[in-house]
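Written out below as structure tokens is the structure these notes cover.
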Amino acid sequence: MKTNYHTHNYRCNHAVGTVEDYIREAIKEGYDEIGISDHLPHPGKNIDNCSRMTYDQLEEYFKEIDISREKYKDKISIKKAMECEYFEDYHWLYKELKEKYNVDYLLLGVHFFPYKGEWIYVGDINFTPEILEVYVDHVIKSMEGLDFAYIAHPDLFGISYRNWDEHSIKASRRILEAAEKLNMPIEININGMKRGKINYNLGERYYYPIKDFWILSKEYNVKRILGVDAHDPKNLRNRYIGEEFAKELNLKIIDEI
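Residue numbers (the numbering used here): 31 to 287.
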């Protein structure tokens with residue numbers, strides 16, 4: 031079964047294409063199921079609001095998915111969803127997504143974390159071992175905070191902590207242990223491969239997915255899923271890159287959530 035549950039659209043302001051554009055491309059590429067999961071708005075917060083839709087756009091976003099779901103129901107299965115940061119004071123919003131808009135699932139993507147009284151983007155600060163630990167604390171708190179369908183790019187810390195050493199191994203083990211305990215799938219993020227490769231203490235790797243993280247994941251009873259993290263309809267053509275990555279490392283992959 032060919033699926034992708036990590037798909038954005040123009041409303042996040044750093045992607046192109048309408049919901050229907052992604053669905054049409056998915057049909058063209060032979061997908062059986064696609065989930066539209068754009069970034070959650072942050073009403074009442076000044077956290078990355080330029081890279082996501084506004085709260086007022088939620089209704090039209092879900093309406094477009096519903097219209098497309100009906101239009102293409104004989105060609106592809108379509109799920110409606112959102113990719114979320116976790117905030118303790120947003121349970122009202124998560125509840126609204128489920129009860130008012132009937133989302134099929136919520137993805138967890140931990141791009142921001144609290145540090146010294148501010149919310150910091152993971153790519154905007156050089157991670158020391160101490161900061162890495164603070165970030166992972168927030169990742170685990172987020173994983174435990176809500177029944178997310180899976181965690182996107184669990185190795186996103188690789189943007190800012192480059193070496194594979196005792197600290198990154200400890201961080202990875204903590205995330206993998208939490209995923210195993212919660213039975214929460216972890217995503218091999220194909221979009222991260224577009225950033226190219228960097229040099230690190232063991233040679234060369236992607237910013238993410240981090241090969242060493244995924245090799246380590248085989249020590250745990252965790253579910254792995256591929257996520258295109260599409261920000262352009264054409265990105266849906268890239269699922270094979272993730273399949274090759276998983277095959278190279280002999281990783282078992284689930285297709286559905």
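Every residue, glycine too, gets a C-beta built ideally from N, C-alpha and C.
**OP:** Assuming Ile287 and Pro184 form a contact by the criterion Cβ under 8 Å, report the distance between their Cβ atoms to the nearest whole angstrom.
**Re:** The residue given as residue 287 occupies position 257 in the sequence shown. The residue given as residue 184 occupies position 154 in the sequence shown. Incorrect: roughly 15 Å between the Cβ atoms, too far for contact.
Original post:
Taking Phe142 as the reference, which of Leu186, Glu174, Asp86 has the closest Cα?
Top reply: As a working mapping, residue 142 is identified with position 112 in the sequence shown. Selected option, being the one with the closest Cα: Leu186.
Original post:
What is the DSSP secondary structure of Ala260, reduced to helix, strand or coil?
Top reply: Translated into the one-based positions of the sequence shown, residue 260 becomes position 230. Of the three classes helix, strand and coil, the one that applies to Ala260 here is strand, per DSSP.
Original post:
Is it the case that the Cβ atoms of Asp68 and Asn34 are separated by a distance below 9 Å?
Top reply: The residue labelled residue 68 in the question sits at position 38 within the sequence shown. The residue labelled residue 34 in the question sits at position 4 within the sequence shown. Not a contact, by the Cβ cut-off of 9 Å.
Original post:
Taking the continuous alpha helix (DSSP H) assigned at Ala209, which residues delimit it?
Top reply: Numbered from 1 along the sequence shown, position 179 holds the residue referred to as residue 209. Taken as a continuous stretch (DSSP letters only), the alpha helix (DSSP H) holding Ala209 covers 196-212.
Original post:
Are the beta-carbon atoms belonging to Ala208 and Ala45 less than 9 Å from one another?
Top reply: Against the sequence shown, residue 208 aligns to sequence position 178. Against the sequence shown, residue 45 aligns to sequence position 15. It is not a contact, given that the beta carbons lie outside the stated cut-off.
Original post:
Could you give the uninterrupted runs of the beta strand (DSSP E) lying entirely in the stretch 35-83, keeping only those of 3 residues or more?
Top reply: 63-69
Subject >> Nearest candidate by alpha-carbon position, reference His72, set Asn219, Tyr85, Gly60 >> reply: Position 42 of the sequence shown, counted from the first residue, corresponds to residue 72. The shortest C-alpha separation from His72 is found at Tyr85.
**OP:** Write down the C-beta distance between Ile283 and Ile240 rounded to the nearest angstrom, noting that I regard them as a contact closer than 8 Å.
**Re:** Within the sequence shown, numbered from 1, the residue matching residue 283 stands at position 253. Within the sequence shown, numbered from 1, the residue matching residue 240 stands at position 210. Not a contact, Cβ separation roughly 17 Å.
Original post:
According to the neighbour-count rule (16 or more other Cβ atoms, all chains shown, within 10 Å of its Cβ), is His168 buried or exposed?
Top reply: The count along the sequence shown starts at 1 and reaches residue 168 at position 138. That one is buried.
Original post:
DSSP on Ser107, reduced to helix/strand/coil?
Top reply: Numbered from its first residue, the sequence shown carries residue 107 at position 77. Reduced to three states, the DSSP call for Ser107 is strand.
**OP:** Please name the residue in Lys200, Lys103, Asn193, Asn280 whose C-alpha comes closest to that of Glu63.
**Re:** For the purposes of this step, residue 63 is identified with residue 33 of the sequence shown, where counting begins at 1. Of the candidates Lys200, Lys103, Asn193, Asn280, the one whose C-alpha sits nearest the C-alpha of Glu63 is Lys103.
Subject >> Every unbroken alpha helix (DSSP H) inside the stretch 219-266 [4 residues or more] >> reply: 241-246
Original post:
In terms of DSSP beta bridges, what is Ile150 paired with?
Top reply: Within the sequence shown, numbered from 1, the residue matching residue 150 stands at position 120. Bridge partners of Ile150: Phe143.
Original post:
Using a Cβ-Cβ cut-off of 6 Å (strictly less than) and excluding sequence neighbours within five positions of Trp149, which residues of its own chain qualify?
Top reply: Numbered from its first residue, the sequence shown carries residue 149 at position 119. Excluding sequence neighbours, Trp149 sits near Ile77, Phe142.
**OP:** Tell whether a beta-carbon distance below 9 Å holds between Ala182 and Gly257.
**Re:** The residue you call residue 182 lines up with position 152 of the sequence shown. The residue you call residue 257 lines up with position 227 of the sequence shown. Yes, the Cβ-Cβ distance between Ala182 and Gly257 is below 9 Å.
Original post:
Helix, strand or coil: how does DSSP classify Glu115 here?
Top reply: For the purposes of this step, residue 115 is identified with residue 85 of the sequence shown, where counting begins at 1. In the structure shown, Glu115 sits in coil (DSSP, three-state: anything other than H, G, I, E or B).
Original post:
When the Cα atoms are used, what is the spatial distance from Glu174 to Leu138?
Top reply: Within the sequence shown, the letter at position 144 stands for residue 174. Within the sequence shown, the letter at position 108 stands for residue 138. The alpha-carbon atoms of Glu174 and Leu138 are separated by roughly 11 Å.
**OP:** Along the beta strand (DSSP E) that carries Leu136, what are the first and last residues, could you check?
**Re:** Position 106 of the sequence shown, counting from 1, holds the residue named residue 136. Run containing Leu136: 135-138, per the beta strand (DSSP E) assignment.
Original post:
Okay, do the stretch 92-110 and the stretch 235-250 touch, 3+ Cβ pairs below 8 Å being the bar?
Top reply: no
**OP:** Look up Tyr165 in the DSSP assignment and say whether it is helix, strand or coil.
**Re:** In the sequence shown, residue 165 corresponds to position 135, counting from 1. Three-state result, Tyr165: helix.
**OP:** With DSSP as the reference, please indicate the residues paired to Tyr180 in a beta bridge.
**Re:** Here the question's residue 180 lines up with position 150 in the sequence shown. DSSP output for Tyr180 lists Leu137 as bridge partner(s).
**OP:** With a cut-off of 8 Å on the beta carbons, I'd call Leu88 and Leu136 a contact; round off their distance for me.
**Re:** Indexing the sequence shown from 1 puts residue 88 at position 58. Indexing the sequence shown from 1 puts residue 136 at position 106. So it is not a contact: roughly 13 Å between Cβ atoms.
Original post:
Buried or exposed: which applies to Ile199, given that a residue is buried once 16 or more other Cβ atoms fall within 10 Å of its Cβ?
Top reply: On the sequence shown, residue 199 is found 169 positions in, with the first residue counted as 1. It is exposed - the Cβ of Ile199 has fewer than 16 other Cβ atoms within 10 Å.
Subject >> Straight-line gap, Leu289 to Val49 (C-alpha atoms, nearest Å) >> reply: No information on residue 289 is available, as it lies outside the stretch 31 to 287 that the chain covers here.
Subject >> Assumed close pair Leu70, Glu115 - CB separation to whole angstroms, cut-off 8 Å >> reply: Taking the sequence shown and counting its residues from 1, one reaches residue 70 at position 40. Taking the sequence shown and counting its residues from 1, one reaches residue 115 at position 85. The pair is a contact, with the Cβ atoms about 7 Å apart (cut-off 8 Å).
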